[in-house]
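**Q**
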Amino acid sequence: MSAFKEVGGTGQVRYTYRLRPSSTGRDALLTEWARCRWVWNECVARSKKAHRDGETCGPARLDRLLTEARGANAWLRAGSSVPQQQIIRDFGKSRAKALKDVKDRLPMRQRAGMPRPKKKRLADPTLNYTRRGFRLRDGRLHLAGGIVLGVVWSRDLPAEPSSVRVYRDSLGHWYASFVVSAEAEPLPETGRVIGIDWGVTETATTTSDAHDLAHPEHGKRAQAKVSRYDRMMARRKPAKGQAASKGYRAANLLRAKAHKKVARQRQDTGRKRAKKVVRDHDAIAVEDFRPKFLARSSMARKAADAAIGATKKALTGMGRKHARDVRLAHPAHTTMDCSRCGARAKHALPLSERTYTCIARGAVSPRDKNSARVMLARAGFIPAGVEGIRPPGPSVREAA
Numbered sequence: 001m002s003a004f005k006e007v008g009g010t011g012q013v014r015y016t017y018r019l020r021p022s023s024t025g026r027d028a029l030l031t032e033w034a035r036c037r038w039v040w041n042e043c044v045a046r047s048k049k050a051h052r053d054g055e056t057c058g059p060a061r062l063d064r065l066l067t068e069a070r071g072a073n074a075w076l077r078a079g080s081s082v083p084q085q086q087i088i089r090d091f092g093k094s095r096a097k098a099l100k101d102v103k104d105r106l107p108m109r110q111r112a113g114m115p116r117p118k119k120k121r122l123a124d125p126t127l128n129y130t131r132r133g134f135r136l137r138d139g140r141l142h143l144a145g146g147i148v149l150g151v152v153w154s155r156d157l158p159a160e161p162s163s164v165r166v167y168r169d170s171l172g173h174w175y176a177s178f179v180v181s182a183e184a185e186p187l188p189e190t191g192r193v194i195g196i197d198w199g200v201t202e203t204a205t206t207t208s209d210a211h212d213l214a215h216p217e218h219g220k221r222a223q224a225k226v227s228r229y230d231r232m233m234a235r236r237k238p239a240k241g242q243a244a245s246k247g248y249r250a251a252n253l254l255r256a257k258a259h260k261k262v263a264r265q266r267q268d269t270g271r272k273r274a275k276k277v278v279r280d281h282d283a284i285a286v287e288d289f290r291p292k293f294l295a296r297s298s299m300a301r302k303a304a305d306a307a308i309g310a311t312k313k314a315l316t317g318m319g320r321k322h323a324r325d326v327r328l329a330h331p332a333h334t335t336m337d338c339s340r341c342g343a344r345a346k347h348a349l350p351l352s353e354r355t356y357t358c359i360a361r362g363a364v365s366p367r368d369k370n371s372a373r374v375m376l377a378r379a380g381f382i383p384a385g386v387e388g389i390r391p392p393g394p395s396v397r398e399a400a
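Under the numbering used here, the sequence shown has 4 at position 4, and the numbering climbs by one with no breaks.
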């Protein structure tokens, strides 16, 4: 289940299930994807041509072009119009996001980029169906166009789905992701608050010792197996211009499976920890930390294994689902501020110094614990966050 997205007390949740398509169903999905991929590439070409000619080319015009193309091509007309129309919607959203980034003058490294053609051997199939394009009957998923798929129902859907996305991951496994309307599920009040500071030595340090998240080190435990598959691939690496051998492809698949397992372990650990934190606290102050910059540092491997981003996403999503007060605090100067009086140190603390000493009152506390209490202050959950007591700093924003 993906993050809960709240809209006026209600929200939408994705429930994802593994598919077991037969060879016939798999061929039908790939054929349908070939049509949708052609539609996407045509949208890219028509959009570029319209830009050169100084014309507009929105989803409405592309829909008309799709109608003309379906009338002229029996191969395209043989597929369902639902996923073809939805891929036009996806193209429109992608192009609108790219144009917005250009209009907002974002740096090039932050821009989404204009939609590009999808290549046959590089793009994984993704098909979107609205409510009129699928139905569930006898435990099987029936898609428009006569495609019938077996679903591994690991749990029941809580309500009637409004749409479904059928896709294939990098390992060749097929999944169905249903969008279901859901309401917030408030938990009993506990009268407790918690501040969370992200780190690398520990994934999260909190104001409560019982809720500190130690580094799970899933990637470190799997490194020996991944290194073995890397050596297998190195021995079987094809010469330039030659096709990969069966042994090389098999080793590559084993390596991909090992990485996928680690990713799922990190996700599972983050969800379990988020559930515990949300269940035990009414208000949560979270450091709005974005670990992307660590990928360019010497701590890149350690930071990636900590999965800070996935854990933070699980925590904010779980908080919205259970109607908890989750606030994101700006991470600037968290290691320099005193959580008790708000005094700020004159110099940033080096990473080797793990104890914080207040320059005003001389209070001593563990560095990460002090930062976690600073989160509470900046979120306004303790008196130190009252206006006029601590030095003015970045504002606090609600969890999106």
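Here a beta-carbon is modelled for each residue, glycine too, at the ideal position from N, C-alpha and C.
Which term fits Asn-370, buried or exposed, when burial requires 16 or more other beta carbons within 10 angstroms of its beta carbon?
**A** Here residue 370 refers to the residue found at position 370 of the sequence shown. So Asn-370 ends up on the buried side.
**Q** In whole angstroms, what separates the C-alpha of Ser-170 from that of Ile-284?
**A** Taking the sequence shown and counting its residues from 1, the one referred to as residue 170 is at position 170. Taking the sequence shown and counting its residues from 1, the one referred to as residue 284 is at position 284. Straight-line Cα distance between these residues: approximately 36 Å.
**Q** Helix, strand or coil: how does DSSP classify Ile-382 here?
**A** Your numbering for residue 382 matches position 382 in the sequence shown. It is coil, neither helix nor strand.
**Q** If you measure between the beta carbons of Thr-205 and His-215, is that distance less than 9 Å?
**A** As a working note, residue 205 is residue 205 in the sequence shown. As a working note, residue 215 is residue 215 in the sequence shown. Contact flag unset, no.
**Q** Under 9 Å between the Cβ atoms of Pro-83 and Ala-144?
**A** As a first step, residue 83 is located in the sequence shown; it is residue number 83 there, counting from the start. As a first step, residue 144 is located in the sequence shown; it is residue number 144 there, counting from the start. In contact: Pro-83 and Ala-144 (Cβ atoms closer than 9 Å).
**Q** Helix, strand or coil, according to DSSP, for His-142 in the structure here?
**A** Here residue 142 corresponds to residue number 142 of the sequence shown, with the count starting at 1. Strand at His-142.
**Q** Just to confirm my understanding: we take Arg-374, look at its own chain, exclude 5 residues before and 5 after, and list those with CB closer than 6 Å. What are they?
**A** By 1-based counting over the sequence shown, the position of residue 374 is 374. Reading off the sequence shown, one finds Val at residue 374, where the question assumed Arg. Excluding positions up to five away in sequence, the list reads Thr-334, Asp-337, Ser-339.
**Q** Can you list, in chain order, the residues of its chain whose CB lies under 7 Å from that of Ala-50, leaving out five sequence neighbours each side?
**A** Counting from 1 along the sequence shown, the entry for residue 50 is found at position 50. Thr-56, Cys-57.
**Q** Return the CA-CA distance between Leu-76 and Val-200, expressed in angstroms with no decimal places.
**A** Taking the first residue of the sequence shown as 1, we reach residue 76 at position 76. Taking the first residue of the sequence shown as 1, we reach residue 200 at position 200. Using only the alpha carbons, I get a separation of about 51 Å.
**Q** Decide if Asp-288 is buried, meaning its Cβ has at least 16 other Cβ atoms within 10 Å, or exposed.
**A** In the sequence shown, residue 288 corresponds to position 288, counting from 1. Under this definition Asp-288 is a buried residue.
**Q** Taking Tyr-15 and Leu-157 to be in contact with their CB atoms under 8 Å, please state how far apart those CB atoms are, rounded to whole angstroms.
**A** Within the sequence shown, residue 15 is the residue found at index 15, counting from 1. Within the sequence shown, residue 157 is the residue found at index 157, counting from 1. Contact flag correct, Cβ pair sits at about 6 Å.
**Q** Could you pull out every residue in the same chain whose Cβ sits closer than 7 Å to the Cβ of Leu-30, ignoring the five residues on either side in sequence?
**A** Position 30 of the sequence shown, counting from 1, holds the residue named residue 30. Shown here for Leu-30: same chain residues with a beta carbon closer than 7 Å to its own, the five before and five after excluded, namely Pro-125 in chain order.
**Q** Span of the beta strand (DSSP E) holding Arg-168?
**A** Translated into positions along the sequence shown, residue 168 becomes position 168. Run containing Arg-168: 163-168, per the beta strand (DSSP E) assignment.
**Q** Report the rounded CA-to-CA distance for Ala-78 versus Trp-33, giving the unit in angstroms.
**A** Translated into the one-based positions of the sequence shown, residue 78 becomes position 78. Translated into the one-based positions of the sequence shown, residue 33 becomes position 33. Those two C-alpha atoms are separated by around 12 Å.
**Q** To the nearest angstrom, how far is it from the Cα of Gln-267 to the Cα of Arg-64?
**A** As a working mapping, residue 267 is identified with position 267 in the sequence shown. As a working mapping, residue 64 is identified with position 64 in the sequence shown. Between Gln-267 and Arg-64, the C-alpha separation is close to 42 Å.
**Q** Lys-225 and Ala-258 - do their beta-carbons sit closer together than 9 Å?
**A** Translated into the one-based positions of the sequence shown, residue 258 becomes position 258. Translated into the one-based positions of the sequence shown, residue 225 becomes position 225. Yes, these two residues count as a Cβ contact at 9 Å.
**Q** Reducing DSSP to helix, strand and coil, say where Gln-86 ends up.
**A** The sequence position of residue 86 within the sequence shown is 86, counting from 1. Helix at Gln-86.
**Q** Tell me, to the nearest whole angstrom, how far the beta carbon of Gly-146 is from that of Pro-21; I am working on the premise that it is less than 8 Å.
**A** Taking the first residue of the sequence shown as 1, we reach residue 146 at position 146. Taking the first residue of the sequence shown as 1, we reach residue 21 at position 21. Not a contact, Cβ separation roughly 13 Å.
**Q** For Tyr-17, list the residues DSSP reports as bridge partners.
**A** Locating residue 17 in the sequence shown gives position 17, counting from the first residue. Note: Tyr-17 sits in a beta bridge opposite Ala-176.
**Q** Work out the CA separation of Ala-345 and Asp-197 for me, nearest whole Å.
**A** On the sequence shown, position 197 is the one that residue 197 refers to. On the sequence shown, position 345 is the one that residue 345 refers to. So the alpha carbons of these two residues sit roughly 18 Å apart.
**Q** Unbroken alpha helix (DSSP H) runs of length 4 or more, entirely within the stretch 255-320: which are they?
**A** 300-306
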